[in-house]
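Residue numbers (the UniProt record's numbering), protein chains in the order written: chain A, 1 to 189; chain B, 1 to 189.
Just so it is clear, CB atoms sit at the ideal spot from N, CA and C, and this is done for glycine as well.
For reference, the structure discussed in these notes is given below.
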DNA sequence: GGCCTAGCTTAGCAGTGCTAGGAAATCTAG
DNA sequence: CTAGATTTCCTAGCACTGCTAAGCTAGGCC
């Protein structure tokens, strides 16, 4: 009985180990460098063990990394917004969002390159995604969802294009305040 | 002499053949389905022939497809904007941009997933990219480049997220007019 | 004729994700 | 403590990938 739970715990531990190894390697060298052989080496077991944890193979591992990523992204954005309002909140969230993409490029890639069904602004969306969407919606004070979709688009596009070397790095600050202006409350009304 | 040019022409013809085969297959089944074996089958030659045209292999082929894509995207956006101004122009360009991504998902992916050095708003950028950037800058009446970078970010993010199934498809029109509002000239001033 | 140079193909390498089959370790009884 | 059952794991290998070295074969040139 006690062994049962101990075994289960070790299994879960190993599952997390796999995900951590995949995430770290991917962030450092890209997803192409994350091979089943390397991954199994990293955890000290042979390849088939990976499939007992993630029957879907590499794709399922990437998906799991992606979902964890949404949780972390949400946490960071929420913390950044804490206590702020209006443009200040928008800019803080934007910076937090972009920083996350910079810190974990491969995790970010998995989060959006993977098809994870359902739109963000939907009722039956994975809770991890829904939570992330809600933070953005609250930040720009949108209850319909359309403005949030556009805001998210801008953030996502900027994140990707920054890392693809398509944006001028030294203009990051200008872009962020531009976001604050375009999506913030109109000052005179 | 005549043979020389005739041979050269056939070579170029075959090069275009390769690119067309790669583009079509990729748009239909994704880049993973574009293998050197299939590609060489499609053009009726063996694999090494591909490398005489594109020494860089698959990566160089994707890059060539991407650059062609920028030309086509620019053409479409310019045509859409033709004769329009302000919000109307922005919305028309946005629709053209998003439609391009929908029509050629894999080409679009190659255009942005590939690292093609240099930012858009730079002097020594590949002319294909620079031209595309300029169309967007003109559309929103930006001469600094920052607003254009943000506008492009929004378009790019929206394009990607639409195809990843993260945006509500039926709200496409709303998102486009939202773009017009956020990036258009302020009506009252 | 003999030679040389393109243009092309065959065959193969090292690496990928993934899996069938059997070995080994562990648990469950008698 | 032993014997059987079950879980856990590894070895070996498949089909596929991008890519390349080596050689074959046709054409032009002396």
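### Query
Is it true that the segment 154 to 174 of chain B meets the segment 53 to 70 of chain B, where meeting means three or more beta-carbon pairs spaced less than 8 Å apart?
no
### Query
Alpha carbon to alpha carbon, how far is residue 151/A from residue 183/A?
For the purposes of this step, residue 151/A is identified with residue 151 of the first chain, where counting begins at 1. For the purposes of this step, residue 183/A is identified with residue 183 of the first chain, where counting begins at 1. Between residue 151/A and residue 183/A, the C-alpha separation is close to 7 Å.
### Task
Let me know the alpha helix (DSSP H) ranges lying completely inside the segment 8 to 57 of chain A, each 4 residues or longer, listed in chain order.
36 to 43 and 47 to 53
### Query
Anyone know if the C-beta pair for residue 135/B and residue 77/B falls short of 8 Å?
Taking the first residue of the second chain as 1, we reach residue 135/B at position 135. Taking the first residue of the second chain as 1, we reach residue 77/B at position 77. Yes. Within cutoff.
### Query
Counting pairs of Cβ atoms below 8 Å between the segment 171 to 182 of chain A and the segment 87 to 94 of chain A, do you hit three or more?
yes
### Task
Determine the DSSP secondary structure at residue 62/B, reduced to helix, strand or coil.
By one-based count along the second chain, residue 62/B stands at place 62. Residue 62/B: helix per DSSP, three-state reduction.
### Task
Could you name each continuous beta strand (DSSP E) segment of 3 residues or more that falls completely within the segment 131 to 173 of chain A, going from the start of the chain to the end?
none
#### Entry: Contacts that residue 182/B makes with chain A (C-beta to C-beta distance below 8 Å)
What you label residue 182/B is simply residue 182 of the second chain in a count that begins at 1. Per Cβ cutoff of 8 Å: 150, 182 and 183.
### Query
Taking the alpha helix (DSSP H) that residue 105/A falls in, what are its first and last residues?
Translated into positions along the first chain, residue 105/A becomes position 105. 105 to 113 is the span of the alpha helix (DSSP H), which, as asked, contains residue 105/A.
### Query
When burial is assigned at 16 or more other CB atoms within 10 Å of the CB, is residue 149/A buried or exposed?
On the first chain, residue 149/A is found 149 positions in, with the first residue counted as 1. Result: buried.
### Message
At the level of alpha carbons, what is the spacing between residue 58/A and residue 28/A?
### Response
Taking the first residue of the first chain as position 1, residue 58/A is located at position 58. Taking the first residue of the first chain as position 1, residue 28/A is located at position 28. Straight-line Cα distance between these residues: approximately 17 Å.
### Message
I believe residue 38/A touches residue 23/A by the beta-carbon criterion, under 8 Å. Please report the beta-carbon distance rounded to the nearest angstrom.
### Response
By one-based count along the first chain, residue 38/A stands at place 38. By one-based count along the first chain, residue 23/A stands at place 23. Between residue 23/A and residue 38/A the Cβ distance is about 13 Å, and since that is not below 8 Å, they are no contact.
### Query
Whose C-alpha, out of 44/B, 50/B and 19/B, is nearest the C-alpha of residue 36/B?
One-based indexing of the second chain puts residue 36/B at position 36. For the residues 44/B, 50/B and 19/B, the minimum Cα distance to residue 36/B belongs to 50/B.
### Task
For residue 60/A, I'd like the list of residues in its chain whose CB is within less than 8 Å of its CB, leaving aside the five on either flank, ordered along the chain.
By one-based count along the first chain, residue 60/A stands at place 60. Excluding sequence neighbours, residue 60/A sits near 54.
### Query
Taking C-beta to C-beta, are residue 80/A and residue 95/A nearer than 8 Å?
For the purposes of this step, residue 80/A is taken as residue 80 along the first chain, with counting starting at 1. For the purposes of this step, residue 95/A is taken as residue 95 along the first chain, with counting starting at 1. In this structure, residue 95/A lies closer than 8 Å to residue 80/A by Cβ.
### Query
Would the beta-carbon of residue 157/B fall within 8 Å of that of residue 174/A?
Taking the second chain and counting its residues from 1, one reaches residue 157/B at position 157. Taking the first chain and counting its residues from 1, one reaches residue 174/A at position 174. In this structure, residue 174/A does not lie closer than 8 Å to residue 157/B by Cβ.
### Query
Distance, Cα to Cα, residue 74/A vs residue 16/B?
Within the first chain, numbered from 1, the residue matching residue 74/A stands at position 74. Within the second chain, numbered from 1, the residue matching residue 16/B stands at position 16. Using only the alpha carbons, I get a separation of about 46 Å.
### Reference residue 43/B; option with closest CA among 110/B, 11/B and 163/B
One-based indexing of the second chain puts residue 43/B at position 43. Among 110/B, 11/B and 163/B, the Cα nearest to that of residue 43/B is on 11/B.
### Query
Taking DSSP as the reference, what is the three-state secondary structure of residue 185/A?
The sequence position of residue 185/A within the first chain is 185, counting from 1. Three-state DSSP puts residue 185/A in coil, outside helix and strand.
#### Entry: Nearest to residue 8/A (by Cα), restricted to the options 52/A, 45/A, 176/A and 48/A
In the first chain, residue 8/A corresponds to position 8, counting from 1. Ranking 52/A, 45/A, 176/A and 48/A by Cα distance to residue 8/A puts 52/A first.
### Query
What is the DSSP secondary structure of residue 5/B, reduced to helix, strand or coil?
On the second chain, position 5 is the one that residue 5/B refers to. DSSP places residue 5/B in helix when its eight states are reduced to three.
#### Entry: Contact with chain B by residue 49/A, beta-carbon distance below 8 Å
As a working mapping, residue 49/A is identified with position 49 in the first chain. By this cut-off, residue 49/A is not an interface position.
### Query
Going along the segment 101 to 113 of chain A in order, which residues come within less than 7 Å of chain B, judged by CB to CB distance?
112
### Min CB distance residue 179/B to chain A below 8 Å
Position 179 of the second chain, counting from 1, holds the residue named residue 179/B. Chain A, which has a Cβ nearer than 8 Å to the Cβ of residue 179/B, makes this yes.
### Query
What is the DSSP secondary structure of residue 125/A, counted as helix, strand or coil?
Here residue 125/A refers to the residue found at position 125 of the first chain. Coil.
### Query
For residue 99/A, which of helix, strand or coil comes out of DSSP?
Taking the first residue of the first chain as 1, we reach residue 99/A at position 99. Reduced to three states, the DSSP call for residue 99/A is helix.
### Query
Can you find a CB in chain A that lies within less than 8 Å of the CB of residue 6/B?
Counting from one through the second chain, the residue named residue 6/B turns up at place 6. So, not an interface residue.
### Task
Kindly list, in the order they appear in chain A, the residues whose Cβ is closer than 9 Å to that of residue 86/B.
Translated into positions along the second chain, residue 86/B becomes position 86. In chain order: nothing, as chain A lies at least about 16 Å away.
### Query
Taking residue 137/B as the reference, which of 31/B, 45/B, 48/B and 86/B has the closest Cα?
To locate residue 137/B, count along the second chain from 1; it is residue 137. If we check each option's Cα against that of residue 137/B, 86/B comes out closest.
### Task
Let me know the secondary structure DSSP gives residue 82/A once reduced to three states.
Counting from 1 along the first chain, the entry for residue 82/A is found at position 82. DSSP places residue 82/A in coil when its eight states are reduced to three.
### Task
Return the Cβ separation of residue 172/B and residue 105/B in integer angstroms, given the expectation that the two are a contact with Cβ distance under 8 Å.
The residue you call residue 172/B lines up with position 172 of the second chain. The residue you call residue 105/B lines up with position 105 of the second chain. At roughly 16 Å, the Cβ-Cβ gap does not stay under 8 Å, so residue 172/B and residue 105/B are not in contact.
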